[in-house]
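Numbering-wise, the sequence shown is residues 181 to 262 according to our numbering.
The C-beta atom is built at its ideal place from N, Cα and C for all residues, glycine as well.
Model, not experiment: these values are computed from the prediction.
Here's the structure, in structure tokens; my notes come after.
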Amino acid sequence: MEYFASLRCFDDFIKYYYMPVSSIYFNKNDDHPIKPNDLDDFDKKHKYYVLWSDNIKYQCHIVCLGVVRSTGVNKHLSHNVV
């Protein structure tokens with residue numbers, strides 16, 4: 181099952197982004213993405229690195245996780261996470 185993350189990136193604090201966890205890395209130089217065991221298996225204060233389509237990793241905080249993209253969006257909106 182693939183999880184999706186609601187993200188807040190350091191270079192754009194205004195927008196929230198939604199990406200599969202298969203593109204999120206714990207450290208910048210990691211070769212393998214994170215593999216959360218459940219929807220609460222992440223640290224809200226940790227700076228994760230998200231691999232974008234331009235092959236650059238950007239620093240982001242994970243706001244919440246969802247089972248599918250729409251779940252992550254809905255969970256984020258329903259909890260008014262800031």
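| Item | Value |
| --- | --- |
| Limits of the beta strand (DSSP E) - the one that F206 falls within | Run containing F206: none; DSSP gives neither H nor E here. |
| Minimum length 3: unbroken beta strand (DSSP E) runs contained in the segment 183–250 | 184–189, 192–200, 228–231 and 237–246 |
| Sequence-distant residues of its chain with Cβ nearer than 7 Å to H212 (five each side left out) | none |
| Nearest candidate by alpha-carbon position, reference V243, set L231, Y196 and D218 | Y196 |
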